[in-house]
Structure formats: C-alpha cells, structure tokens
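In our numbering, the protein residues as written are 48 to 811. No residue lacks a Cβ here, since even glycine has one placed at the ideal position from N, Cα and C. What follows is a short report on a single structure.
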Amino acid sequence: MCKRMKLLHKHLLTALLTLMLSAIWAGSEAQNFPVTAQVQVLPPVSAQITSLYQGTRPKMIVTLINTDMRKPVLKVRLRFTIKGTLATLRNKDYAYYPPIELEAGVPLQLTLDDLAPYFKTDNLDISGIPSWQFAQTSKLPDGYYTYCVEVIETISGQQVSSPQLGCSPTVWITTSEPPLLNLPKKGETVAMRDPMNLIFNWTPRHMNSPNAAFQTQYEFTIAELWDTITPPEAAFSNTPPLYQEIVNTTTFLYGPVNPPLLPYKRYAWRVRAIAKQGLDEYDIFRNNGYSEIFYFSLQEDCQPPQMVASSVENGKITISWSPSPKMFEYRVEYREQGNSDASWFNMKTTDDRVTLYDVLPGRSYEYRVGGSCTEGITSFGDIRGFKVPQRDTALMSRCGLIPNINISNRTPIAQLVSGDMIFAGDFPVRIITVNGAGSYSGTGYVMVPFLGDQKVAVNFNGITVNTDRKLIGGVIMTTYDANKKLASVGEVVNAIKDLASVVNDLGRLSLDMNYLDYKKITEELRKMAEDELPQELKDRVIAAADKMDKAKTDYDQAKKEYDEATTPEEKSKAKEKMKAAQSQLEEAKKEVEAVNKEKQKLIKAASDLIIKAIKSLKNDIKTGDSDKQNYQNALDALKSQVVTNAGETLPSGWGVADLGTAEEEASDQVMSDRRQFTQQVRDLYSLKLLYIRGELFKAFFKYFDSSDKVSQEFGKDPVVNGRQLLKEVLQKKQDKVPDDEIIEFIKSSLIKYLEETAKEVSYE
C-alpha cells in the first residue's frame, strides 16, 4: 500500500512538473515575435516622401522574415512610423493596405509598389506640420529622422514583430538653397565682342550638407527681353528661352556656336540645380532648384580695357591696362579668391593703373577691369587673378620709425566718396562713410602691417586730401578701445558688405540718374533685405525701395511735362511734382537709414546671445584628452587582433569561390571570434566619433571666444551655417522671443551642425 502511494505521488509530481514546464514554454513562446523586420535607409535621403517608393532604385529597403515554421504562410500588413525632431508620420490603422504573404523561413524584400500605399497622404496621421502643407509638398522639414516598421497580422490584428526592432539608424534630412549667381552681375552692361565668348558663373549652396552626395546637374536658361518696361524678373517668366542647356559644372561658356546675342538688347538668365542618382531625380532644393533671375545688357563699340596685367612690389599690387580714347573712367573690382561670401571691392580712376594696398599677404585674389564709354555703363573684361606673397619679416625692422614724408602736391581733390582709398603717411585708409566738400569728415579703417594686417577702425574730422589721395591736412584717429580692443573692426568690415554699403550708395542716388543705374541701386537694396534682414525690417526696406522707384517714375514724368510745357502755369505745376518726388525719395532714404541703425542694434544683441550660447555649450559639453586616448587604445587593440589573426588559415579544400559559404560551415568558435571582431570595429568607430566630436567642439570654442570674433567671423562660417543661423537669431530677436529660448535654439543648432560635421569626418 505504501509502495503504491509512493508510485502515485511520483506520477502526480511528474505530471505537475510537465504542466509547469508547458506553461513556462507557452509564456516564453508568447514573448517571441514570429516576424523579423529590418529597415535600411540608403543615404543621401531626400525630404520628399515620394522618393521612398518612386524611381528606378529603392531608397528604403524593408526585409521581412517569417520565423514561425508552424505557419507556412502568414498574411500581414505594415505600420510605418517616420519620427523626427519637428514632424512625425504614422500609418492609419483603418486604411486599406494590400496583404503581404510571408512564407516561413523565406526572406521577403518589399518592392517599391509594396511600399507605395503606405505613404499616400490619405493613409497617414501627420503631426508637427499642417496636413495641407504636407499634401502640397510631400516634404519633411529639416531635421533628424528614424524610419520604423511594425508588422501586423491581417486576420487577428495582432502585432507580430518586435516594437524595439525594425527601425533604421537616424538620418539627417535637409533642403538646400538653390545656386547663387555670380557673373554677369545683375544689371551689368557687357561689352559686345566678335567672336562672343561670355562666361556665366554660379556658386552651389548645398556642398556643406548631406545633399552634396547627390550628382548635381545645372539647367542653364537665357532669354532675350523685348519688354524693357516690365521688371526683368517678371518679363523672364513670360518670355520663351533663347537657349537652354544642362551642364555638370558651375561655369558655362556662351560662345559662337550658341544663338547670337545682339547689341543694345537686354538678356535675363537663371540656373536650376537638379539632384540625381542614376536616372532618378530628387527634390532637395528650395524653389524647385531655381536660382534668382539676373539680367544684363549688351553694349557695342565699347570694348573692355585691353592688356590687363598685375604686378607685385613690397606687398602692394599694381593693376595696369592699355588706355582707350573712348573711355573717360575705369573701374577695378577685386575680392578674395575661393570665398563665395567675400565682397567685391572697387576702385575708380581716370589713370591707366591702380595700386591695391588692403590685400593680405599669402592670400589669392581675383579681379577684373572695366571702363565707361557712356555715363553709368561699365564694360568689364574677364576675371583674372593674383597672389600676394608672404610678408618679409625683415621689412618690419623699421617698425616704429617715422617715415620720411615729403608732399609737394597741395592741390585738394575734387571729391571723396565711400570706398575710396587715401593715404595717411605710409598707411592706406579705406573710407566707409564720408561727407563734406574740400574738408571731409567720416569713418573708415586702416590696415596695420605690424598688427598682422588687422583692419583698425578710424574716424576723421576736417581733413584735406590732395589729388594724389594723400593726407595734407587734419588728423585721422583710430577708435581703439583698451577694453574692446578691435571690437568695432568687425562692425566696420561687415558694414562694407551689408546694408550700410547700400546706405552709402543711397547718398549718391539722384532722380537725375540714368534709369538703369538708379534701378540697380534699388534692386541691390531689395536683395540685401531678402538676404540679411528679419521679416519686419525686410518689409520696411522693400517698401522704401518701392517708394524710391515710384519717386523716380513720378520725377521722370514730371520732368517730361516740364520740358513739354508751353505756359508758366504748366511749368510751375510740373516743378511742384518734381519737388514732391524729391521729398518722396528723401523720406525713403531716411527710412532705410533708420532700418540700418535698428539692424546694427540687433546684430550687437545677437552677437552677445551667440557668445552666451557658446559659453553655455562649453560648460555643458566636457571635452578632454580621454576620448583621444580611448580611441588610440582601441585602435592599437584592433591592430593587434588583426596581426594575431593574420596567421590563421582557412580549412583545407576552401577556395576563393567558397568564401561566401564560410560562415555556414565555420565552427561556433570561429563565428564567435568574427562577431567579437565586428563589435570591436563598431566600438572603434564610436570612439573615433567621440574623439573627433571633442576635437571639433574644442576648436570651435577656442576660435569663437569673444563677441568680437562672433561679429566678425560667425556669419562666414560654413560649418555651422553661420549666415542663416545669424539671420534666424535676428528674426527671433525682432519677434521679441525671450533670450533664454534664443540661446537654447542657438545651442541646439550648433550641436546639430557640429555633430553632423563630426560624422562626416568620422567616415573618412
């Protein structure tokens, strides 16, 4: 009896244990997902969603595997989620999607047709951006994104793939600006030549972004404008192209093989950037890739100066040319070479040469020479170049000695204008603002060789200058401040390139000017507003420019009425109209000057906020030498591992053709070693990224260490997209966004651009 009880107890214990194991197995089985999903997004990535399922090559590869051998065929649908910093897209659960059949153990890579239904606007829940905006453009805003997929069984509605897996690595998506046109410049007059060889040149603005990986072509279009009354930009849109061609470079030579260009005609041109991979085009540019529209006129019988040459002596560059009896004035334009943000400086003269004193040693420059046969029209020649040699330190041995100055010419110059160069002793002084006649007052800057050719701001009051442009009376004073050091220099340099330079041009704006010259200044004013100003200030400047154009139109009409008047009453009435137009022009000038003052205040405030953001970021991000040492240690360990494994041989009988199956036949130990080696490579890349990131941040913090440096250089820094970031900060300041929010915005933007650069460098 006891033995039977023990046997029964044993059977019950076995049954209970079996039941418990079954429950555990069932619970474990419930946590396993039968479908494995993998998502791979192939860079570069377009912001346009349609690129995921259109074209000849896939941009997103989705692979599904049914690992449940008990279900030979599994019918499923998908749920995609695209999550970014500013927007999120997610498939609606109640929309219809064609079922996808997964055979057990057979990987399935989805086709473009399989993906298409999931990215129709009607099948998406959209957050972060207005639905109507996405419906129009099908584009994501700039930012970081992850692409995830979840697999849903169609019959039960249950998710059969892991929510933690099935996501792509984070990708950066951005929309780039269209090309920036360079030459011929807007409103320029081009000399007619036989044969005609006219160079068109533009600068791409997407090379510092991931979009640079696309193959870029440019569609060049030129049109002849018969309508000279309608603004050229509007006339171009209504005029059929004279010639159109797609090129792969940023320069196009319009020559004798192209349709002829006629003298005294106006032409407009633009460029469209087209991003491609293979046969597929991708929408990665704003405005569909179209640049601004430039226009120029052809002038006959006024060839540009010939025999142009440059020479170097004692750090000074002399540019000379053969004089032409038809030309009454010459103009030399020059700027630093290889810097698309560099401004063109110009010098006017009636001689056959000019000497440049404000060029920097060791730098390369490009220049061109033009001449005027008629008032207001300059015919320029081709762009040439020169390089300034490094300064000889032996020349500094006389630093501090008073030069021997002997000025016999006491004839005062007739006029000084903004941009002129004068000489105070041995020092060249570039004039920024000036007023007066005979005796002059204003501001400028002087280049000091023994300070590393720094541009030091100066002002002057009541000076006189002779016809050789040398100072013969008065004193030019530096605005040096022991506390600010060269703080004002950046403002002076920037003033040459931005609104202040246009304000200076307005000083010579007269209603009696040639219409094209007058229009050129107001167009420059509008372009400056578009490029530099926040919305409110931009609107005010554009309104002022419109007012100037109206004043010119009213004045020309009134002058015509005055000339045609036959009675004193008619002449008096026309004269009143001319005075009213003049008053209208002066009011518009004052408005632009007021905007310029407000902009300068905003720039000062923005520079202070940017330096605060940089200092805060420096405190947040700790950089040290440990990242470099960790990377070096990992690199040495990996090299050692490679050397250790170099002596290993493949199993006998294996050849090159068998290497693809080596993983299947290798032992568990070999596979483990390979996985360990792969992980070491991944860890090495991560450490390299940390090291490069740290070095990049340290260099950035060291370079932008003061508000002075920010005001001078930040807007020209392509790594952090400085120009656009500064414009956005000005807009936020104009909108009275709290300083703390602006600082956080600056910090996040800097982190984004710097980390993006670090990743690009890490791949090299």
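Alpha carbon of residue i to alpha carbon of residue j, nearest angstrom
i, j, result
"Gly213", "Asn138", "15 Å"
"Leu133", "Pro105", "25 Å"
"Ile276", "Thr402", "40 Å"
"Phe341", "Tyr492", "32 Å"
"Ile798", "Ile789", "14 Å"
"Asn229", "Glu634", "32 Å"
"Asn513", "Ala484", "13 Å"
"Ile661", "Glu640", "32 Å"
"Asn285", "Gln85", "50 Å"
"Ala33", "Ala628", "What is shown of the chain runs 48 to 811, which leaves residue 33 out entirely."
"Glu631", "Gln781", "With the sequence shown as reference, residue 631 is identified as Gln, and Glu is not the correct amino acid for it. Near 27 Å, if we compare the C-alpha coordinates of Gln781 and Gln631."
"Asp405", "Thr458", "25 Å"
"Tyr337", "Glu645", "32 Å"
"Asn334", "Lys585", "20 Å"
"Val776", "Val784", "9 Å"
"Thr128", "Gln101", "19 Å"
"Met243", "Pro408", "36 Å"
"Thr490", "Gln647", "16 Å"
"Gln264", "Pro307", "25 Å"
"Lys626", "Glu280", "31 Å"
"Pro145", "Gly131", "27 Å"
"Ile568", "Leu580", "17 Å"
"Val703", "Leu99", "With a pLDDT of only 35 at Val703, under 50, the local geometry of the prediction cannot be trusted, and the value read off the model is given with reservation. C-alpha separation (whole angstroms): 37 Å."
"Ile364", "Arg573", "34 Å"
Same chain, Cβ closer than 7 Å to residue i, neighbours up to 5 away in sequence not counted
i, result
"Arg382", "Ala389, Ser390, Trp391, Phe392, Tyr412 and Glu413"
"Lys434", "Ser411"
"Lys659", "Ile790"
Environment of residue i [buried if 16+ CB atoms lie within 10 Å]
i, result
"Arg124", "buried"
"Asn258", "buried"
"Ile510", "buried"
"Val503", "buried"
"Gly385", "exposed"
"Asp140", "exposed"
"Gly432", "exposed"
"Lys779", "buried"
"Leu309", "exposed"
"Asn79", "exposed"
"Val109", "buried"
"Lys373", "exposed"
"Glu617", "exposed"
Other residues of its chain near residue i: CB distance less than 8 Å, five sequence neighbours each side excluded
i, result
"Pro288", "Thr268, Ile269 and Ala270"
"Ser178", "Thr168"
"Ser663", "Ile790 and Lys794"
Beta strand (DSSP E) segment containing residue i, residue limits
i, result
"Phe470", "Met468 to Ala471"
"Thr480", "Phe474 to Ala484"
"Thr397", "Segment: none, Thr397 is in no beta strand (DSSP E) and carries neither H nor E."
"Phe299", "Thr298 to Tyr301"
"Thr110", "Met107 to Asn113"
"Thr421", "Ser411 to Thr421"
Own chain, CB closer than 6 Å to residue i, minus 5 neighbours either side, in chain order
i, result
"Phe344", "Residue identity differs from the one stated: residue 344 is Ser in this sequence, not Phe. Once the five neighbours on either side are set aside, the close Cβ partners of Ser344 are Thr236 and Arg313."
"Ile430", "Glu413 and Arg415"
"Ile469", "Val476, Val512 and Arg516"
"Phe427", "Pro351, Arg415 and Gly417"
"Ala142", "Asn170"
"Gln291", "Thr268"
"Ile293", "Gln264 and Glu266"
"Ser174", "Thr135"
"Gln771", "none"
"Asn508", "Ser488"
Terminal residues of the alpha helix (DSSP H) in which residue i lies
i, result
"Asp161", "Leu159 to Leu162"
"Lys597", "Gln582 to Glu611"
"Ala94", "Where Ala94 is concerned, there is no enclosing alpha helix (DSSP H), given that its DSSP letter is neither H nor E."
"Glu280", "Pro279 to Ser284"
"Gln437", "Unbroken run through Gln437: none, as it is neither H nor E."
"Trp391", "No alpha helix (DSSP H) holds Trp391; DSSP gives it neither H nor E."
| Cβ contact check for the region 314 to 334 and the region 86 to 106: 3 or more pairs under 8 Å | yes
| Taking contact to mean at least 3 C-beta pairs separated by less than 8 Å, is the region 193 to 210 in contact with the region 314 to 322? | no
| query | Do the region 213 to 224 and the region 235 to 244 touch if we need at least three Cβ pairs shorter than 8 Å? | reply | no
| query | Do the region 113 to 124 and the region 138 to 153 meet, that is, are 3 or more Cβ pairs less than 8 Å apart? | reply | yes
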